[in-house]
Structures are given as structure tokens and as C-alpha cells.
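Enquirer: Structure in C-alpha cells, see below.
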Amino acid sequence: MLTCSRVTRTFGAVEALRDVSLSVAEGERVALLGHNGAGKSTLMKTILALIPATSGEIRVAGAAPGDRAAREATAYLPENAAFHPALTGREQIALYLRLRGEPASKAGSLLERVGLEQAADRRIGTYSKGMRQRVGLAQALIGRPRLMVLDEPTSGLDPVSRREFYAILADLARDGTAILLSSHALTEVEARTDRIAILSKGRLVANDTLANLRREAGLPIHIQVAARPETVGDVARRLDGTRVNGVRVDLTCAHGDKLSRLGQIAGLGGMIEDVEVIPPSLEDLYTHFSRRADQ
Amino acid sequence: MTRVMAGAGSEIRIAMRNRWVAIAVAMMALFALVLSAAGSAPTGQIGADKLSVTVASLTSLAVYLVPLLALLMSFDAVAGEIERGTLPLILTYPVSRGEILAGKFLAHLAVLGIALLAGYGVAAVAAFAFDPGAAAGLPALVRLLLSSLLLGAAFLGAGYAVSAVSRRPGAAAGAAIGLWLVFVVLYDLGLLAAVVADGGGAFTTGVFPWLLLANPADAFRLYNLAASEAAGAAAGVAGAAQTIPPALALSLLLVWAAGGFALALLAFRRVRP
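Same order as they appear, the protein sequences are chains A and B. FYI, in the UniProt record's numbering the residues of the first sequence are 1 to 295. FYI, in the UniProt record's numbering the residues of the second sequence are 1 to 273.
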């Protein structure tokens, strides 16, 4: 649905994007991660033809970005979605519907879908940031888009709204919509996207599923063993781990040693109360890939 | 076309919410009333009907007020969208920049039209109240209304262009005021100074009338005075008005209106959100 091949964008001497190749297939959700200024928004804006690429090629639904076919297929949610404060939510969505050739009467159901039915007839000037973000999401849902480009979509949303938001995305992906979203909240994209792409200083430094990235990074796995006050010293000695407090022992091991280590722990039987395996977090992976690219 | 109308509908709603419609209507009606009251004395001496005289004074009023209203409505059009951050999203929609601009243009022209109808309507009612023969001035009033819309269109376009080039509402407002001063006030003052210095020479007879046409505000004035039988009521440029046929002044006004929009589109196309 979306293919970027060797996309470069320079602003004067600054390379905002360098040789970025990335694609998003139908029904796939790809999270685009990176520091501030890593090029996430620039990449999204070149995909949307808001700024042209210096070199490289982008295809959106088989068309060049900015072509009417590409625009009709694409929905965009900008970072900090803004609207005219004098219009009501319903009027604003009605305008967007008509610009996409859809009847304005659909505004009510769209606003209901994002939980704004109560505020639909109030002016957007009175909305909170989270409510404006929902208006932004509502306009992005117009006309079953085939590609969604979402720039920091959950900023300003409370945890419950975030969950609802990702539920909507899951529905769309199930219907075949390709979704590219950027986020700072790594933990929330961890479970809710199919692939992770990491940008660092304009270069794509990682682009794979979370499991594959974990394997490739080879970061150590943390195991937390909870013992009892009277056994904790013994457990720490036998497992060669670090005693953290009165009951807990921490271990780290490589991905390949995980099962044998767990076997060892299971062998201790009644000496331990509980065991927890903590794989490297997305934060760890993100730091790993960003740092590796710097070297 | 549905996209243009969608944008226009939304803009009219915004203009009503922002009290722009009310302000424009009140301004035009108030000034028209004042002019009607002030112009009720000299009718007898001129010998024209009351409405024709009113149209002549409305022409001098419109030259100042119509460009001002048009610029006030248009300076925020692009710069305001940039400032609010609403421009990038709308540009990703399957709608061209020309369609976006045309929507705003139609809405603002409609608001201007409502204000002009109210103002000129008040003046016409006042004229008919004092002079039963005022119907003779109706064609002049219609000409004034249509040419006022063209003048407004020219300055709406210029306002959008300024808005797109400035990118910030504050700067755009300053530039719009500058534009108004130059085209409506300073241009005429400069020409007047040149005519006085020339003392009735080749400049006054040969170049001056054409320089008047090079400014939409003067083309508007020329058209209405040349076409009106009451030109004598507001002499001044009457001499020039006789050199230039009204049809030419009107077509130049049309060119200005179209040129303003073309200029605006050119400037808007260069805006990178």
C-alpha cells in the first residue's frame, strides 16, 4: 500500500532523511519510532506530499504522493490536530466529509465512534486537547482509508481513550487498512503494532517485528526470582544471582540460555515463591539500535 | 464544485460566528445612511435625481470602504490557517489549492455582497423617500453594486496573496493595511502631485488617465463616474473620466479581479506547510 524506496530529504546542509526504504502492506500496523528530530514527521510529510522528497521514490496505493488517487486513499492525523475554533465538532467533520465526497450526515456516527457524541454541537474552541485529538481521529476514519498516517496519535489521550484508539486501529487493520504511526510511548506500541521501524538521525536503523528485533539485538533477558526470607541467601548462591532485597534475586542471561536457566530455577522447588521473566523492553531495543547506528 | 461549495459554506459560517457579517453590514449601512443624510441638500442645484447623486457619493465611499472590508476579511485566510496549524491536514485531502482558495473567495465575496446590498439598499430607500423620481438613478445603483463586487474581488485576491506571502497573521495584517494605503490613498495623492507639477502638460492629458486604470480603485471610480450622468456631482477626475470609455474601465476592473485571484493562487501554491 505504501512503498518508500531510498527516500532522501535535505534542508540546506541538513539531511533530514537519508536513504530511507520502508513499506507498509495492507492490514499491517507499523510503528515509526525515533527521537525528536529523527525525521519521523519529515518522512510522514513526504509520504503525504506536504514536502517533496529530494530523491528516492514513494508510491501510495500505486500512485505518486499528492496525486488525487493517493490523497483519496490516504488519511492523515497530524501531531496536535488543530481545527477552526469557531466551528462545532459536527460542522468540522461535515466539512471534511464533503471534501471527500461523502454525505455530511455521517458526521454524527463518526463522532460517536470516537466518543464525542455529547460534545458534537459545541465549538471546538471549548474542547480539551484530548477531544481535539478525537476530532482528528474522526476525520481520519472518513471513507475507509486504505493508508493511515498517524503522527503521535495518542498524545493527549488518557489511558482508557488510548485503549479505545488502538481497538479502532485493530478494526481498521483487520479490514485491510495499512497503518503507519509514530509514537513516543514505546510501551503502548509494543503490543499493538505488527512491525517496528526505528529512525535515527534520518536513517532507518531497524525495521522488523519486535521478536526479530529482540533476537537480532541479543540483549540479555532479566529473570526475577522471589524467594522467602529464610531461603533467599541460599537461592542467590545456588543460582549465582544478585540478591536485591530480603526476598528477591535477580539474574540476567542470554536469549539462548533462557530455558536452561529456567530449568535450574524450577529445580529449586519449594525454596522459591515465584519467578518472572522480563524480555528486553522496547526502550532497551530502541536504545540499542539507535546507539549502534551512531557507531 | 461540491468541494468548493463545502469550503465556502464553512467559511460563511465562520464569518457569521466571528461577527464579520454583522460588522460589514453595520459599517456599510451606517456610512450609507450618513451619506444620504449629508447629501440631501444640494439636489436642486445639480438637477439630477436624488438617487444618482447618492450613487455619486456612495462611489467615493465605496472606493475606501470596499477595499478595506475585502482586505480585513482576506488577510487571515492563509496566514491564519498556517498559524492555527490547520493547513497541513486540509492539504492532504483530495482537494486542490485552487478549490480551497475558491471556497474562501466565494464566501468572502458573498459576505461583501450582503454588506453592499444592505448599505446601498439603505441609501436607495432614503433616496426614494425624498424624491419620487429617484428611479432614474437605479441603473447607476446596479452598476455601482456590480463594480463594487469586482473591486472587492480584486482586493480579496490581493489580500489572499499578501496572506500567503506573509505566512503570519500579524505580518499579513500589516501588509494588508499597507496595500490599502498605497492603492487607495497614496496612489491618488502621488498622481495628484504629478498632475499639479505637470501643470496641464502631456502627462496630464496622455499618461494620467492610463495610470488611473492601473489601479483597481481608480478604475472603479472612473467606471462609475464615466457611466453616471451625475459625474459632475463629484468632479475631480471627471476630466479623465471623459477620455476613457466606461466599458474599458469595467473590463480593466474585471482583469484586476481575475488577476487578484491568480496572484493569490500563485502565492498560495508556493506555501509549504
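For each residue, glycine too, the CB sits at the ideal point set by N, CA and C.
For the stretch 74-97 of chain B, which residues have a CB atom closer than 7 Å to at least one CB atom of chain C, in sequence order?
Expert: Any reference to chain C falls outside this structure, whose protein chains are A and B.
Enquirer: Mind listing which residues of the stretch 83-110 of chain A have their C-beta closer than 9 Å to chain B's C-betas, in chain order?
Expert: Of all residues in the stretch 83-110 of chain A, those with a C-beta nearer than 9 Å to a C-beta of chain B are 83, 84, 85, 86, 87, 91, 92, 94, 95, 96, 97, 98, 99, 100, 101 and 104, reading in chain order.
Enquirer: When you compare each of 205(A), 265(A) and 262(A) to residue 288(A) by their alpha carbons, which one comes out closest?
Expert: 205(A)
Enquirer: Going by beta-carbon coordinates alone, are residue 3(B) and residue 48(A) separated by less than 8 Å?
Expert: no
Enquirer: Could you tell me the alpha carbon to alpha carbon distance between residue 157(A) and residue 18(A), rounded to whole angstroms?
Expert: 32 Å
Enquirer: Which residue comes first and which comes last in the beta strand (DSSP E) that contains residue 23(A)?
Expert: 14-24
Enquirer: In chain order, which alpha helix (DSSP H) runs of at least 4 residues are fully inside the stretch 95-160 of chain A?
Expert: 107-113 and 129-140
Enquirer: Below 8 Å, can you find three or more Cβ-Cβ pairs linking the stretch 142-159 of chain B to the stretch 107-115 of chain B?
Expert: yes
Enquirer: Hey, residue 284(A) and residue 219(A) are a contact pair by Cβ (cut 8 Å); roughly how many whole angstroms apart?
Expert: Yes, residue 284(A) and residue 219(A) are in contact; Cβ-Cβ is about 5 Å, under 8 Å.
Enquirer: Please classify residue 221(B): is it buried, with 16 or more other beta-carbons within 10 angstroms of its beta-carbon, or exposed?
Expert: buried
Enquirer: What is the C-beta distance between residue 172(B) and residue 79(B), in whole angstroms, given that I count them as a contact (C-beta under 8 Å)?
Expert: 4 Å
Enquirer: Would the stretch 82-91 of chain B and the stretch 75-92 of chain A be scored as touching if the rule is three or more Cβ pairs under 8 Å?
Expert: yes
Enquirer: List the residues of chain B whose Cβ lies closer than 7 Å to the Cβ of residue 80(A), in chain order.
Expert: 85
Enquirer: Whose C-alpha, out of 262(A), 172(A), 87(A) and 42(A), is nearest the C-alpha of residue 11(B)?
Expert: 87(A)
Enquirer: Answer yes or no: do residue 74(A) and residue 172(A) have a C-beta to C-beta separation smaller than 8 Å?
Expert: no
Enquirer: Compare the beta carbon distance of residue 144(B) and residue 59(B) with 8 Å and say whether it is the shorter of the two.
Expert: yes
Enquirer: Name the residue from 145(A), 117(A) and 106(A) whose alpha carbon lies nearest to the alpha carbon of residue 93(B).
Expert: Nearest option by C-alpha distance: 145(A).
Enquirer: Counting only runs of 3+ residues fully inside the stretch 61-89 of chain A, write out the beta strand (DSSP E) ranges in chain order.
Expert: Here the runs fully enclosed are 74-77.
Enquirer: Return the residue from the list 212(A), 21(A) and 268(A) that minimises the CA-CA distance to residue 255(A).
Expert: 212(A)
Enquirer: Using the beta-carbon count (16 or more within 10 Å), is residue 210(B) buried or exposed?
Expert: Under this definition residue 210(B) is an exposed residue.
Enquirer: Answer yes or no: does any C-beta atom of chain B fall closer than 8 Å to that of residue 10(A)?
Expert: no
Enquirer: Which residues, taken in chain order from the stretch 12-26 of chain B, show a beta carbon closer than 8 Å to some beta carbon of chain A?
Expert: 13, 14, 17 and 18: these are the residues of the stretch 12-26 of chain B whose beta carbon lies less than 8 Å from some beta carbon of chain A, given in chain order.
Enquirer: Just verifying my parser: in three-state terms, what is the DSSP assignment at residue 48(A)?
Expert: It is coil, neither helix nor strand.
Enquirer: With a CB to CB cut of under 6 Å and the five nearest residues on each side skipped, what residues in its chain are close to residue 138(A)?
Expert: 93, 110, 111 and 114
Enquirer: Beta-carbon of residue 68(A) versus every beta-carbon of chain B: anything under 8 Å?
Expert: Chain B contact via Cβ: present.
Enquirer: With a cut-off of 8 Å, do at least 3 Cβ pairs link the stretch 126-133 of chain A to the stretch 52-64 of chain A?
Expert: In short, these stretches do not touch, since the Cβ pair count stays below three.
Enquirer: Can you check the stretch 199-228 of chain A for any beta strand (DSSP E) of at least 3 residues that lies completely inside it and give the ranges in chain order?
Expert: 203-208 and 221-227
Enquirer: What are the start and end residues of the beta strand (DSSP E) that includes residue 268(A)?
Expert: Looking at the DSSP string, residue 268(A) is not in any beta strand (DSSP E), and its letter there is neither H nor E.
Enquirer: Residue 234(B) by DSSP, collapsed to three states: which one?
Expert: Here the model assigns residue 234(B) a pLDDT of 47, short of 50, so the residue's position is not dependable, and the following value carries that caveat. It is helical.
Enquirer: Could you give the DSSP three-state label for residue 56(A): helix, strand or coil?
Expert: strand
Enquirer: Tell me the residue span of the beta strand (DSSP E) that contains residue 294(A).
Expert: Unbroken run through residue 294(A) is the alpha helix (DSSP H), 282-294; no beta strand (DSSP E).
Enquirer: Quick one: Cα of residue 235(B) to Cα of residue 225(B), how far?
Expert: Low confidence applies to residue 235(B): its pLDDT is 49, below 50, so where it sits in the model is not reliable, and the reading given next is rough at best. C-alpha of residue 235(B) to C-alpha of residue 225(B): approximately 9 Å in a straight line.
Enquirer: Within 7 Å: the Cβ of residue 49(B) and any heavy atom of the ligand FMN?
Expert: The ligand FMN is not part of this structure, which contains no ligands at all.
Enquirer: Would you mind sorting residue 245(A) into buried or exposed? The rule is 16 or more other CB atoms within 10 Å of its CB.
Expert: With fewer than 16 other Cβ atoms from the protein chains shown falling within 10 Å of its own Cβ, residue 245(A) counts as exposed.
Enquirer: Residues in the same chain with beta-carbon distance under 7 Å from residue 264(A), minus the five sequence neighbours each way, listed in chain order, please.
Expert: 239
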